[in-house]
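Q:
If you want it as structure tokens, here you go:
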């Protein structure tokens, strides 16, 4: 069973704070790492897909890094805004017999104005 | 607005009923997915269709029956469900055939909230 862990489980920050979350995953047979943002009552929205060790991606105030050798990814949000409040899910894609995304349990971010 | 449309948004059914969940995308994507998400748990893959053919069935009970009538539509037929099947059912699509192009993001619908009485 592939175990994808995200920490922290939840996070409450003030508007303007910068924050980061961690995604840890088994690195064997790894193809790519997906990050999704999921607001309540909406659909999960893709943020990044990263494949190479050392990859860094940026979208506005959100950025992510990937370490495939040790099996972790960080997601950073600079200057959090209330509209950033959501659950952030990471999902590594594995090949071979698995051949699917395995979602982590997510980090719930609440940004207080 | 999401580009993957799921209907209905909510469904309540008895254990003897037969119903269907529908999913539609017009982005020309060739892979479509059904996921099940229980409260406070991550989404879990149920089925994958690649080029309109079932490519992955994650040992889902036969009371769930997927169907892909064409490249834009994905159905999930439900029959004789159990109370533990109550969950959010998410549909997703991705541009190329499933698996081969794992660096492409999946596009999700808003889901169908299913309650089994």
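Chains as they are written, first to last, in this note's numbering: chain A, 64 to 176; chain E, 1090 to 1206.
Don't be surprised by glycine CBs; every beta carbon is placed ideally from N, CA and C.
All values reported here derive from a predicted model rather than from experimental measurement.
In the DSSP assignment, find the beta strand (DSSP E) that holds residue 1130 of chain E and state where it starts and stops.
A: Looking at the DSSP string, residue 1130 of chain E is not in any beta strand (DSSP E), and its letter there is neither H nor E.
Q: Going by alpha carbons, who is nearest to residue 97 of chain A out of A:175, A:166, A:103 and A:173?
A: A:166
Q: Check residue 71 of chain A in the structure and name its three-state DSSP category.
A: coil
Q: Roughly how many whole angstroms lie between the Cα atoms of residue 1162 of chain E and residue 115 of chain A?
A: 33 Å
Q: Strictly below 8 Å CB to CB, what residues from chain E border residue 74 of chain A?
A: Here the premise fails: no neighbours, minimum Cβ distance about 16 Å.
Q: In the DSSP assignment, what residue or residues form a beta bridge with residue 1180 of chain E?
A: Residue 1180 of chain E is bridged by DSSP to E:1123.
Q: Alpha carbon to alpha carbon, how far is residue 157 of chain A from residue 92 of chain A? Give it in angstroms, no decimals.
A: 6 Å
Q: With H, G and I counted as helix, E and B as strand and the rest as coil, what does DSSP make of residue 1173 of chain E?
A: helix
Q: Which residues in chain A sit within 7 Å of residue 1197 of chain E, going by Cβ to Cβ distance?
A: 106 and 107
Q: For residue 119 of chain A, does the three-state DSSP call read helix, strand or coil?
A: Here residue 119 of chain A sits in strand by DSSP.
Q: Looking only at its chain, what residues have a beta carbon closer than 7 Å to the beta carbon of residue 134 of chain A, apart from the 5 residues adjacent to it on each side?
A: Result list for residue 134 of chain A: 87, 88, 89 and 90, in chain order.
Q: Straight-line CA distance for residue 129 of chain A to residue 121 of chain A?
A: 12 Å
Q: Check whether the Cβ of residue 39 of chain A lies closer than 7 Å to any Cβ atom in chain E.
A: Not covered by the structure: residue 39 of chain A. The range shown for chain A is 64 to 176.
Q: Within 7 Å of any Cβ in chain E, is that where the Cβ of residue 88 of chain A sits?
A: no
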